[in-house]
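Protein chains in written order, with the numbering used here: chain G, 63 to 388; chain A, 63 to 388. We put the CB at the ideal spot given by N, CA and C, even for glycine.
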């Protein structure tokens, strides 16, 4: 069964054991130990990437690893949790050699250092299909302080971190759209598509401020819909308030239809939250402290559903909102 | 993007939400909460199944689900942990319809009830490749009491639960071998291949008894090798002592070469552990109490490596030991 190369256990020893943290038992046991500081609760999430669905076969394995990790970190941030541990599984076709695995592990190494978490365990297998990866991330949050999707109240303001639509435009640019775009703008957009920037510092700081929160992965409108549904409220988004990067602004100009596509797009990995008007100053101070824009884009209302309105308060028609796999 | 049928969120609502436990936040949040009882530690493990590698395309989805869950439960049992929670991911080709997902969830429902754990979260995606599933299982163990692979000492006895080799023979029977076998024996072997019986009751009861433990998934000899390596000891297995089911005994007869294949095989999901001679009586009492055979098969010695010997103490040559994916 053993192909030339490091083999299953060799890959673990060479590439993954150096990433292992306390509790991993050096990846030499059947399971790992998870420790929870007194007064805290653990928060757990899992996500997956499939070659040809979430990334392209030629994508650099270290970027794929970092995207996989960061998508999960974004989910932890959306609960107000601080990342601590992760487990990773890979199903790899035989064509992905030790070098691919080495680079994949190097990507994990870089980002686990950046975000302060450590590998606890995992599993690898061969597959006749495309590369299929999963990552389970575990963080902690002070007990009872987690921020949920439910909890938004009529009268709350809606806020979003960073900028919206860059990943959507980056994917279009990768596919050949916008040849007129300046190279630095093109790179900025493509990088946002290739590598999300999870708001791990912001998330935990919103404990006690945000009534409800979600990370924008399915699309701003679809994810706001999730908040509204679980909170049993309505929300309106003022399209002209949606924060755009310099690159996106250049492409959007006065094109309201494109702007509407950006709020229906996805892969932003920004934090979208509802907070009462009394929190305005604290939120402004947080934005300054983290050097991260946090923009008010709308309001929570009584009722149900999400409305998107233009600068005259008129409803803006939206393209098919939110990505569905089935 | 939305195909006819329930859709991604509909499948979660219909099939998976009923499986969700406390902390899952009804599967409506970005992540789930993990709670750890005071004085305990959480134990976590992850495993995966790929269509065409670990199961066959026509295998019943409920059996696939239960096998996926049980492989992980076996890893928890090997640490002495009691199962509590799990998360599940699926990458499914579009040909796997709602009915496949419904039956997959029904298998999880049956076994989570049997083993006393609950769903915490998960993720589903489409894939152009084969069905690819992962399951992360979480259990708890009294703090500092977990049983590890390391800890076996020269002079310890080696014990194994249940019977060895049934899954190996069951797979061969499925592939057309042993047409002479009585139907009830054939069914017994095939069932052991299709559905492992994780030793969840035994594992936690070996705390304070076993010095080292592992579950037999790669094969008895290969997994014993893992204990020896991490414990820095040697071990010998007396081949005639290896416990066989009635069905396996009929096939093996005096065929030492086939018996050697069974200890090199895998997928037994029995517990293999080292314990001092003083524990003999306690182990016998456990076996009686659980109505589960626990058989002494050899001894731990100073040195390195695993020897398999016949009834005259002569070394038995082994086929290629233990499954490797790469």
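Got a sec: which bits of the region 77-106 of chain A sit with their beta carbon under 7 Å from any beta carbon on chain G, in order along the chain? So the close ones are 87, 90, 91, 92, 93, 94, 95, 96, 97, 98, 103, 104, 105 and 106.
So, is residue 353 (chain A) buried or exposed, given that buried needs 16 or more other C-beta atoms within 10 angstroms? Your numbering for residue 353 (chain A) matches position 291 in the second chain. With fewer than 16 other Cβ atoms within 10 Å, it is exposed.
Rounded C-beta distance between residue 182 (chain A) and residue 174 (chain A)? I'm assuming under 8 Å. Walking along the second chain from the start, residue 182 (chain A) turns up at place 120. Walking along the second chain from the start, residue 174 (chain A) turns up at place 112. Contact doesn't hold; Cβ gap of about 11 Å is too wide.
Cβ shell of residue 132 (chain A) (< 6 Å), same chain only, five flanking positions each side left out: Taking the first residue of the second chain as position 1, residue 132 (chain A) is located at position 70. 258 and 260.
In this structure, what does DSSP give as the bridge partners for residue 331 (chain G)? In the first chain, the residue the question calls residue 331 (chain G) occupies position 269. By DSSP's assignment, residue 331 (chain G) forms no beta bridge with any residue.
Can you give me the start and stop residues for the alpha helix (DSSP H) that residue 149 (chain G) sits inside? Reading the first chain from its first residue, position 87 is the one you call residue 149 (chain G). First-last for residue 149 (chain G): 144-154, but that is the beta strand (DSSP E), not the alpha helix (DSSP H).
Pop quiz: residue 221 (chain A) and residue 337 (chain A) are said to be a contact at Cβ under 8 Å. What is the actual Cβ separation, rounded to whole angstroms? Taking the second chain and counting its residues from 1, the one referred to as residue 221 (chain A) is at position 159. Taking the second chain and counting its residues from 1, the one referred to as residue 337 (chain A) is at position 275. About 6 Å separates the two Cβ atoms, so the contact holds.
Beta carbon of residue 344 (chain A), beta carbon of residue 278 (chain A): below 7 Å? As a position in the second chain, residue 344 (chain A) is number 282, starting the count at 1. As a position in the second chain, residue 278 (chain A) is number 216, starting the count at 1. Cβ distance not < 7 Å, so residue 344 (chain A) and residue 278 (chain A) don't count as in contact.
Cβ distance (whole Å) where residue 451 (chain G) is taken to contact residue 285 (chain G) below 8 Å: The structure shown does not extend to residue 451 (chain G), since chain G is modelled only from 63 through 388, so no value can be given for it.
Taking C-beta pairs closer than 8 Å, name the residues in chain G that residue 271 (chain A) reaches, listed in chain order. Along the second chain, read from residue 1 onward, the residue named residue 271 (chain A) stands at position 209. Taking a Cβ-Cβ threshold of 8 Å, none of the residues of chain G is close to residue 271 (chain A); the smallest such distance is about 17 Å.
Keeping to the same chain, check which residues put their C-beta closer than 8 Å to that of residue 103 (chain G); ignore five residues upstream and five downstream. Here residue 103 (chain G) is taken as the residue at index 41 of the first chain, counted from 1. Cβ neighbours of residue 103 (chain G) beyond the five flanking positions: 202, 203, 204, 205, 206 and 208.
Below 8 Å on C-beta distance, what does residue 338 (chain A) contact in chain G? Here residue 338 (chain A) refers to the residue found at position 276 when the second chain is read from its first residue. Within chain G, no C-beta atom comes less than 8 Å from the C-beta of residue 338 (chain A); the nearest is roughly 21 Å away.
Euclidean distance between Cα positions of residue 231 (chain A) and residue 252 (chain A): As a working mapping, residue 231 (chain A) is identified with position 169 in the second chain. As a working mapping, residue 252 (chain A) is identified with position 190 in the second chain. Their Cα atoms are separated by approximately 8 Å.
Output the distance between the C-alpha atoms of residue 140 (chain A) and residue 274 (chain A), rounded to the nearest integer angstrom. What you label residue 140 (chain A) is simply residue 78 of the second chain in a count that begins at 1. What you label residue 274 (chain A) is simply residue 212 of the second chain in a count that begins at 1. Roughly 9 Å between the two C-alpha positions.
Going along the chain, which residues of the region 121-152 of chain A sit with their C-beta nearer than 9 Å to a C-beta in chain G? Residues 134, 136, 137, 138, 139, 140, 141, 143, 147, 149, 150, 151 and 152.
Looking at the secondary structure, which residues open and close the beta strand (DSSP E) in which residue 204 (chain A) lies? Locating residue 204 (chain A) in the second chain gives position 142, where the first residue counts as 1. Looking at the DSSP string, the run of the beta strand (DSSP E) that includes residue 204 (chain A) is 194-204.
What residues in the region 210-227 of chain A have a beta carbon less than 9 Å from any beta carbon of chain G? Correct list: 210, 211 and 212.
Alpha carbons only, please: which of A:158, A:143 and A:86 is nearest the one belonging to residue 113 (chain A)? The count along the second chain starts at 1 and reaches residue 113 (chain A) at position 51. Checking every option, the nearest Cα to that of residue 113 (chain A) belongs to A:158.
In terms of DSSP beta bridges, what is residue 342 (chain G) paired with? Counted from its first residue, the first chain places residue 342 (chain G) at position 280. Paired residues: none, contrary to the question.
Tell me the rounded alpha-carbon separation between residue 65 (chain G) and residue 281 (chain A). Stepping through the first chain from its first residue, residue 65 (chain G) is reached at position 3. Stepping through the second chain from its first residue, residue 281 (chain A) is reached at position 219. Note on residue 65 (chain G): pLDDT 47, under 50, position unreliable in the model; no value is reported.
Using the three-state DSSP reduction, which class does residue 307 (chain A) fall into: helix, strand or coil? On the second chain, position 245 is the one that residue 307 (chain A) refers to. Coil at residue 307 (chain A), not helix or strand.
Relative to the C-alpha of residue 217 (chain A), which candidate in A:200, A:295, A:256 and A:250 has its C-alpha closest? Position 155 of the second chain, counted from the start, is the residue given in the question as residue 217 (chain A). Proximity to residue 217 (chain A) across A:200, A:295, A:256 and A:250 peaks at A:295, based on C-alpha coordinates.
What is the DSSP secondary structure of residue 183 (chain G), counted as helix, strand or coil? Position 121 of the first chain, counting from 1, holds the residue named residue 183 (chain G). Strand, per DSSP.
Measure from the alpha carbon of residue 228 (chain A) to the alpha carbon of each residue in A:341, A:166, A:330 and A:312, then state which is nearest. Taking the first residue of the second chain as position 1, residue 228 (chain A) is located at position 166. Selected option, being the one with the closest Cα: A:330.
Counting beta carbon pairs with one atom in the region 184-191 of chain G and one in the region 115-126 of chain G, are three or more of them shorter than 8 Å? Contact between the region 115-126 of chain G and the region 184-191 of chain G is absent, because fewer than three Cβ pairs lie under 8 Å.
Relative to the C-alpha of residue 264 (chain A), which candidate in A:91, A:347 and A:190 has its C-alpha closest? As a position in the second chain, residue 264 (chain A) is number 202, starting the count at 1. In terms of Cα proximity to residue 264 (chain A), the closest of A:91, A:347 and A:190 is A:347.
Determine the DSSP secondary structure at residue 388 (chain A), reduced to helix, strand or coil. For the purposes of this step, residue 388 (chain A) is taken as the residue at position 326 of the second chain. Bear in mind that a pLDDT of 46 at residue 388 (chain A), under 50, signals an unreliable position, so the number given afterwards is only what the model happens to contain. Note: residue 388 (chain A) maps to coil in three-state DSSP.
Can you list, in chain order, the residues of its chain whose CB lies under 7 Å from that of residue 88 (chain G), leaving out five sequence neighbours each side? Start at 1 with the first residue of the first chain, and residue 88 (chain G) comes out as number 26. The answer, listed in chain order, is 79 and 82.
Is the CB of residue 41 (chain A) under 7 Å away from at least one CB in chain G? Outside the shown range of chain A, which is 63 to 388, sits residue 41 (chain A), and nothing can be said about it.
Is there a C-beta anywhere in chain G that falls below 7 Å from the one on residue 185 (chain A)? Start at 1 with the first residue of the second chain, and residue 185 (chain A) comes out as number 123. For residue 185 (chain A), a Cβ of chain G is located within less than 7 Å of the residue's own Cβ.
Please decide whether residue 192 (chain A) counts as near chain G, where near means a Cβ-Cβ distance under 7 Å. For the purposes of this step, residue 192 (chain A) is identified with residue 130 of the second chain, where counting begins at 1. True, the Cβ-Cβ gap to chain G drops below 7 Å.
Per DSSP, the bridge partner or partners of residue 275 (chain G): For the purposes of this step, residue 275 (chain G) is identified with residue 213 of the first chain, where counting begins at 1. DSSP lists G:335 as the bridge partner or partners of residue 275 (chain G).
Excluding the five sequence neighbours on either side, which residues of its own chain have a C-beta within less than 8 Å of the C-beta of residue 381 (chain G), listed in chain order? For the purposes of this step, residue 381 (chain G) is taken as the residue at position 319 of the first chain. Exclusion of the five residues before and after residue 381 (chain G) leaves 322, 323 and 326 as the residues of its chain whose Cβ lies within less than 8 Å of its Cβ.
Going by DSSP in three states, residue 358 (chain G) sits in which element: helix, strand or coil? In the first chain, residue 358 (chain G) corresponds to position 296, counting from 1. DSSP, reduced to helix, strand and coil, places residue 358 (chain G) within a strand of the structure shown.
Of all Cβ atoms in chain A, is any one closer than 7 Å to the Cβ of residue 196 (chain G)? Here residue 196 (chain G) refers to the residue found at position 134 when the first chain is read from its first residue. It does: the Cβ of residue 196 (chain G) has a partner Cβ on chain A nearer than 7 Å.
Thinking residue 349 (chain G) and residue 356 (chain G) are a contact (beta carbons under 8 Å), I'd like their distance in whole angstroms, please. In the first chain, counting from the first residue as 1, residue 349 (chain G) sits at position 287. In the first chain, counting from the first residue as 1, residue 356 (chain G) sits at position 294. Between residue 349 (chain G) and residue 356 (chain G) the beta-carbon gap is near 4 Å, inside 8 Å, which marks them as a contact.
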